[in-house]
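With our numbering as the guide, the letters of the sequence shown map in order to residues 1467 to 1573.
Where is the CB? At the ideal position from N, CA and C, for every residue including glycine.
For reference, the structure is listed below as structure tokens.
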Amino acid sequence: MTSFKDREQAFEAKFAHDAETQFKIIARRNRLLGEWAAAKMGLTKEETEAYGKAVIQADFEEAGDEDVIRKVLGDLTSAGVDADDMMVRSALDEKAVEARRQFIEMK
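In structure tokens:
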């Protein structure tokens, strides 16, 4: 019985670790996307840092990526940047790969 309990705890620990890792990668991806958008909008270094944090915060509005895409696309459009949904989604995909690579390199 102890063996089963040990396996159960190990699976729970792995699940928690995997969920935490995924959360960190997504937060990093969102920050990178924010930095990408900030460069397109011509923001200063300080504004870029703040904007990256705002994009991370936007992800807490609803499940999935739509809240992040909506924020970034809206901000780009408001700043007069010629951007569309596909452009932001493509950048989001690129930043996801970059964030995962950075996370792996940190280990």
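Straight-line CA distance for Lys1471 to Lys1490? Rounded to whole angstroms, Lys1471 to Lys1490 spans 29 Å at the Cα level.
Would Gly1518 and Gly1500 be called neighbours here (beta carbons separated by less than 8 Å)? Yes. Within cutoff.
Which class does Asp1559 belong to by DSSP, given the choice of helix, strand or coil? Three-state result, Asp1559: helix.
Report the rounded CA-to-CA distance for Met1553 versus Ala1485, giving the unit in angstroms. Approximately 28 Å, taken between the alpha carbons.
Candidates Arg1494, Ile1522, Ala1479 and Ala1482: closest to Phe1569 by CA position: The candidate whose alpha carbon is nearest that of Phe1569 is Arg1494.
Closer than 6 Å by C-beta to Lys1561: which residues in its own chain qualify, once you throw out the five before and the five after it? Chain order, please. Arg1495, Leu1498 and Leu1499, listed in sequence order.
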